[in-house]
Amino acid sequence: MLTLSIIAPLLAVVIISLLPSSQKDKPNKLLMYISMAASIISMIASFVIAGQFSLENENFQLTETWFLSSLSGINWSFALDGLSFGLYILTAVLFPLGIYYSYVSLEIRSKQNEKPHREKLFWSSLLILETSVLGVFAAQNLIVFYVFWELMLVPMVLLIGIWGGKNRKYATIKFFIYTFGGSVFLIFGIIAILFFNTDGKLSFDITDNLIMSLNNFPKHIKHYLFWAFIISFIIKIPAFPVHTWLPHAHTEAPTVGSVILAGVLLKMGTYGIMRFSLPFFPMVSKIYTNFFMLIGVIGIIYGAWLAWAQTDVKKLVAYSSVSHMGYIILGMFSGNIIGLSGAYMQMINHGISTGLLFLLVGIIYDRTHTREIDNYGGLAKLSPVYAIIFMIATLSSVGLPGTNGFVGEFLILIGTFLTSPIITVFAVTGVIFGAVYMLHLYKQVFWGKPSEALLKVKEKISLNITFKEAIITVPFVIMIFWLGIKPGLLLDTTKAVLQKNISQSQNIQTNMNIGENIKAVDKKENIEKSGEGS
Amino acid sequence: MSEALLITAIWLPFIGFLFNGLFSLKKEPISQKAVILFGVGSVLLSFIIFVILTISENAIIMSKTGLGAHFFTWIDVGHLKSDFAYKLDGLSVFMAWIVTGIGMLIHIYSTGYMEEEKPHFARFFAYLNLFIFAMLHLVLGDSLPLLFLGWEGVGLCSYLLIGFDYDKDFAAEAGKKAFITNRIGDAGFLIGMFLLFQHTGTLNYDIMNKFFSENSLDTSLLNLIAICLFIGAMGKSAQFPLYVWLPDAMAGPTPVSALIHAATMVTAGVFMIARLAPVFLGAPEASTFIAFVGGFTALLSALIALTQTDIKKVLAYSTVSQLGYMFMAMGVGAYGAGLFHLMTHAFFKALLFLGSGAVIIALHHEQDMRRMGGLYKHIKLVAILFWIAAIAISGIPGLSGFFSKDMILEMAFTYKYGGSILFLMGFLTAILTSFYIFRLIFLTFHTSGDAVKKMKEAIHHHHDEHGHGHGHHETLHPLRWNILGPLVILGVLSVFGGYVGLPHVITHQTPGIVQYFDKVLAVPPTELSKSWHNHIDGGLAYSLMFGSILVAFIGLLFAWFRYEKQNNIPSEDSKKRSFFVNLSFNKFFVDEIYEIFLLKPIKKLAVFSYKVIDDKIIDAFVDALGKNTLKIGSVFRKMQTGITAHYAFYIAAGTLLLTVIIYGGIK
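Chains S and H, in that order, are what the protein sequence lines are.
Reminder that position 524 of the first sequence reads as 524 in our numbering, one-by-one numbering, no gaps.
Converting from the second sequence to our numbering requires adding 534 to each position, the first position being numbered 1.
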């Protein structure tokens, strides 16, 4: 099932490539049907998997192995555990919505005499993207993980570079250099593991054995490795100060690109930290805890401020992502189950709320073709249903209790507070600034008198959200409230694995401390002895 | 059974919200009767259930833990657990009565007030229902996270209702301001909550109370926690320096001002202190701070209320001022008095607001008192009810406000740590209160002015200017039973509501309401705060009481003299104002100070961060890096020959190099 869910989109790409390419004025329905079918199969398969998923199991489960190679250490097998489960499902749900939206968007644009172009490549890119993201989350081998991680870059670059906005070229290059630069570190790290693995068995499988043998590595190597991994991840997140690719990529990407980017791609970074950095290098991450918490807090506040300073709707939402990802970094380094659960929840939350925000921005952009906040105003009067959905997304984004956003933020902050109260006090100001920029946006766009620019657009095309568009947003809205009221739905899936990771890290830390103490004692004795000698 | 009833009572308004909310989306507005059936019916039913529960489960409710009801699990991670579970005890039943009782009256009133707002009728009731739902969570939740859910939920409703006429810029701005100012408070509140969790290991009231009965925390820690939590109260309950949103909140429809911004939501901070009595009573220094913030807020906003000309603005500042009294009471440990004033204030202030709403609606949405006057002749019943409320708030004996305010002033007087200053602030506020409220009465209902005539003139003026009008308003808008009925009930409550707390000097025993709260709160406040107070003998208590009665009459007389006798209607020309009047009229320029010293610098910093730090420094650095990489890349491009053997060589060389580097590193 897992494999089916991963490769279904890829199969659809094969089918699409076999079709003759035809250039028409109207979007090609057949391509959409094929893509939809593939992503829905993928989604249904993921639901079946969800039904089989055991909450008590703290290890990888539902493993599907295809290719074992003890020679290269690269075992092709897919599996899920508590850390990947939520993100996997989110991805599988997000893609059909994004794909359907893209079609609706093409339809609306074709009504305004905009021709779709290079459709086959477009749908193929989306589908390859889906496969690669699903693959990243289902990989249980470092090399497999890396392959999908890199594969994702290709369709994303195409999506921004071909179907992007005016400055797409600049944004694409920036995105590529940043993430590719990060990936170089990652592959170095992965290969280095091979070099230092002294227990004789060649394996890239992510297992407790790997973690154990990693801990026997020389200390400075562990430091190098830790940085090799985490640099790649924090670029992907992105954390301050390596975040500057994000606003460009987001603003220039087509809506579906932004939705997927915010929805799941950024999570690959935080997922990487949770999956590799923290359990692999518990000692080193402990040393840098304060540093990364600081990065997180700066991200929260800085991102929020910059969001406030924006005049472009999409950029505002993009910077809000920087702020939200800051919370996640904070929670991940809290080192306790409350903070980590919160961080995980916030990954999903951000995917839902910011994904929805980008979607909504796209829906209105399809009509107005402007992203300048100043061109908007009084939209609530012109498009009431749209205004309500946007309000719900806003509330989720500012973390109002009752929505999913609150539970994530609350858990992160309370968990972090237990570890470092002072840093949390600063982080809490993000709660204020978050409201500042989102409500500023909402007021400027939706309240007040209808702006002239909008009234002009209204003469040509109805600003009201269509039924199809509304349907796409419904799953988001449901998830916002469902997770807000019953967060256990998600939190219970991560409980076992987080608990295991935390105690494992603590064991390693205590063992190491004992080891170091012994060493220190030895040293002391040596010194004493030498003292006696002289 | 009673658990199920309790849950039903809390969730009924939510059904009303869903119904009205969904139907408000329809293009054609649904029938107002259906809206009323769900909107008002749900709250009415909820109130009835609370009455039934109070009677049938009285013994359980009045016990320390109260009647608990577990609905479903909410957050459960590690040792953090918070559920949708409710606690109906002596304190929360008191609040639930006020919230649903007054809430119901105001819902009924709104059916009249909002009648003409046809397209927005359902939306209005949806928001009101949601508010009641959130407020019930605030008061009935059995843990702090659930309180916070209600706390922010009512904030949301407040935001939506202030911005109800969202196409008006000032309403939109006011809504945003309210939400953000409240968020500042909430940030403090969150930290207080975290500290509590860190040190008690729980956020559930019952477990926390148990913890406090068995352990004690360091006083300085409790002080810190109390201050953090109080910052939350400063936002929600509009205390200095976070009170600035409440006067602007008057942009919302008047029933909203009465329900949310006077009777219920803004008292949440007072409730919260009572709910966490073990924390606040264990924090004497923080309590002193609270008392002084309350006293200062009371005085400051009363000074501002003196010169306002918008009838709702006067009432808004009055609310801030009265809330200040409540916090003064809580600060000096007189929880009974504070909660008593919360109740009486809910009665008379709701009456004042609804009364002013009746005036506003009768005058076809005129709020400026300078264009009123002489309304007594036209709407006698409203005028009489207004007089009742004014007498109640000013502290003239016999009516509700007298008893509660007197109790607060007495407790402030006996307070050991700066009690005389507190008393003085409270006393001055009392004079000012009496003056501004009777000023309002005279300007609106009496004086030689004639509101009806002014209204006609204004309309003609309007015609001249624009050449068109929205129909002729030659007569007052009629007021029907659904507007007058709730007013009469609130009038009765304003008269008799004070008799639950007859003072010691009359009955020679502790006031009933104080006894009640000493019994039902987690810890008895009177006993724990006994050492904070000096003893007061009967004679002194009497003279204090007469003192405050006297100032109430002085305020009344002065207002009568200035506005009725001298007919001194405030001028619209700012040059004619004296310096102090101008200061008060402009609200001591607090908003402007915030704007210049806080808002603008932060916004500038934000723009600077974006334009300089992000764009010119970080991004420019990255771009430079990228360009150089490309240059280096062009060198490497020559290596891409396409011949497999070359690549194999590179790989081998690279691997070798890597090996050397890494192994070299070890040694």
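Glycine included, each C-beta is placed from N, C-alpha and C at the ideal position.
Fewer than three pairs of CB atoms, one per stretch, sit closer than 8 Å, so the region 659-668 of chain H makes no contact with the region 592-604 of chain H. Remark: C-beta atoms of residue 99 (chain S) and residue 39 (chain S) approach each other more closely than 8 Å. Any Cβ of chain S closer than 8 Å to the Cβ of residue 542 (chain H) would place that residue at the interface, and such an atom is absent. From the listed residues S:359, S:136, S:415 and S:388, the smallest Cα separation to residue 328 (chain S) is found for S:415.
Close partners of residue 1152 (chain H) in chain S (Cβ separation under 7 Å): 241 and 244.
Only 700, 701, 702, 703, 705, 706, 707, 709, 710, 713, 714, 716, 717, 718, 720, 721, 722 and 724 from the region 698-724 of chain H bring a Cβ to less than 9 Å from some Cβ of chain S. In this structure, DSSP gives residue 383 (chain S) a state outside helix and strand, which the three-state scheme calls coil. By the neighbour-count criterion, in which a residue is buried when 16 or more other Cβ atoms sit within 10 angstroms of its Cβ, residue 989 (chain H) is buried. The C-beta distance from residue 737 (chain H) to residue 616 (chain H) rounds to 6 Å, short enough to fall under 8 Å.
By the neighbour-count definition (other C-beta atoms within 10 Å, threshold 16), residue 14 (chain S) is an exposed residue.
Taking C-beta atoms as the reference points, residue 895 (chain H) and residue 813 (chain H) fail to come closer than 8 Å. Between residue 381 (chain S) and residue 284 (chain S), the C-beta gap is not smaller than 8 Å, which leaves the two residues out of contact. Between the alpha carbons of residue 494 (chain S) and residue 1151 (chain H) lies a distance of about 40 Å.
Scanning its chain for C-beta atoms nearer than 8 Å, with the 5 sequence neighbours on each side dropped, one finds around residue 312 (chain S) the residues 251, 371, 372 and 373, in chain order. Nearest to residue 670 (chain H) by C-alpha distance, out of H:1076, H:622 and H:1020, is H:622. Taking 8 Å as the threshold, the shortest C-beta distance from residue 874 (chain H) to chain S does not fall below it. Within chain S, the residues whose beta carbon sits less than 9 Å from that of residue 609 (chain H) are 407, 410, 411, 487, 488 and 491, listed in sequence order. Between residue 406 (chain S) and residue 413 (chain S), the CB-CB gap reaches or exceeds 8 Å. When the five nearest sequence neighbours on each side are left out, the beta carbons in the same chain lying within less than 6 Å of the beta carbon of residue 765 (chain H) are those of 719 and 722, in order along the chain. Cβ atoms of residue 204 (chain S) and residue 113 (chain S) stay farther apart than 8 Å, at about 52 Å. Scanning the region 588-618 of chain H from its first residue to its last, the whole beta strand (DSSP E) runs of 3-plus residues come out as 601-611. In terms of beta-carbon proximity, residue 686 (chain H) lines the interface with chain S, with at least one pair separated by less than 8 Å. According to the DSSP assignment, residue 68 (chain S) belongs to no beta strand (DSSP E), since it is labelled neither H nor E.
Taking 8 Å as the threshold, the shortest C-beta distance from residue 402 (chain S) to chain H falls below it.
Residue 673 (chain H) is outside the set of residues whose beta carbon lies under 8 Å from a beta carbon in chain S. Any Cβ of chain H closer than 8 Å to the Cβ of residue 66 (chain S) would place that residue at the interface, and such an atom is absent.
Taking a Cβ-Cβ threshold of 8 Å, none of the residues of chain S is close to residue 865 (chain H); the smallest such distance is about 24 Å. About 15 Å separates the Cβ atoms of residue 855 (chain H) and residue 880 (chain H), ruling out a contact at the 8 Å cut-off.
Residue 79 (chain S): member of the beta strand (DSSP E) spanning 76-80, first to last residue. Contacts with chain H at 8 Å (Cβ-Cβ) do not include residue 383 (chain S).
By the criterion of at least three beta-carbon pairs nearer than 8 Å, the region 281-299 of chain S is not in contact with the region 336-353 of chain S. Each of S:426, S:104, S:90 and S:459 was checked against the Cα of residue 472 (chain S), and the nearest Cα belongs to S:104.
In this structure, residue 1085 (chain H) lies away from residue 882 (chain H), with their beta-carbon atoms at least 8 Å apart. For residue 141 (chain S), the three-state secondary structure derived from DSSP is strand. Distance from the CA atom of residue 212 (chain S) to the CA atom of residue 196 (chain S), rounded to whole angstroms, is 13 Å. Between the alpha carbons of residue 1039 (chain H) and residue 1076 (chain H) lies a gap of roughly 7 Å.
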